[in-house]
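For the sequence shown, counting from 1, position 84 maps to 83 in numbering that gives the first Met the number 0; every step adds exactly one.
Don't be surprised by glycine CBs; every beta carbon is placed ideally from N, CA and C.
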Amino acid sequence: MKKFSIGAILVVLYGISKEFRPTEPYLYDFQHDVINISDTVLNQEVYPWWTYSYMVLLLPVLLLTDVLLYKSVLIIESISYIAVWLLLMFGKSVLSQIIGQIAYGSATATEVAYFGYIYAYFGPEMYKKVTIGSRLALNGGRFISYVLAQVIIQQKIASYGFLNWASLTSLCLSLILSISFPLITWQSLYEQSLRDDDSKEPKSYGEFAKGKMTSFWKMLKNLYTSHNVIFWQLHSSYLGYVYRL
């Protein structure tokens, strides 16, 4: 029970703090009006880098999250968000904002580790409770920060600079919390997710990591050689294209 209480509190606080980013609703306004970057440059040269970064990093993150035992990836997520806001606050060039978008892609790609950690740390009997708690934390942090940002800006209580400092402070707190997360051992992770009738129990972390990567690539191979998967991917892509037309 003590393990559940401490872990649950850390998970909820981390979810709230990492999503408390009041600058986000006014990100474009800050970059356009304060940093003085034109909307053409922002839309054509800066913002696309988030997509590129996210796309490139997502597959390695999915592969390495289990191997790195989640906590390291959560720390990377927090550091990436902090880098975004430092570049936003102190970088005044287009290049600095591009690098910020790359860091933002890294932060959003590593979000998968949050729920991965939850389901690896807590037992199946707790999944429902921790899922509800974590979802409330994420949406609650985002909701509170967005409402506060709107009130502060519309009522002219403070400037965009205040929102930036509030965001950075909250993200620094999320880094401290991520470092405080209890470690998950590879042995416990193996017992939860890798054990099956044909698997050989790993004797070391190296064997565990190798088994995880082999399992991941085998899953990808099965998915992308399946005619049904390929058909429905093409079908959904085509329908999405037609819908946008």
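Quick one: is N163 buried, meaning 16 or more other Cβ sit within 10 Å of its Cβ, or exposed? buried
For K91, name the three-state secondary structure that DSSP assigns. coil
Local Cβ density within 10 Å of L86, reported as buried at 16 or more and exposed below that: buried
Where does K70 sit, in a helix, a strand or coil, going by DSSP? helix
I'd like the span of the alpha helix (DSSP H) that includes L162, first residue to last. Y159 to S179
Cβ neighbours of S177 in the same chain (closer than 8 Å, five flanking residues each side left out): Y13, K70, L73, I74, E76 and S77
Comparing alpha-carbon positions, which option in T109, Q100 and S4 lies nearest L62? T109
By DSSP, does N138 sit in helix, in strand, or in coil? helix
Assigned exposure category for S92 - 16 Cβ within 10 Å defines buried: exposed
Which residues mark the beginning and the end of the alpha helix (DSSP H) in which Y118 is found? V111 to Y120
As a quick exercise: from S166, D38 and L57, pick the residue whose alpha carbon is nearest that of T22. S166
Three-way DSSP call (helix, strand, coil) for F43 in this model: Reading off the sequence, residue 43 comes out as Gln, not Phe. Three-state DSSP puts Q43 in a helix.
Taking a contact to mean a Cβ-Cβ separation below 8 Å, would you say S173 touches K17 in this structure? yes
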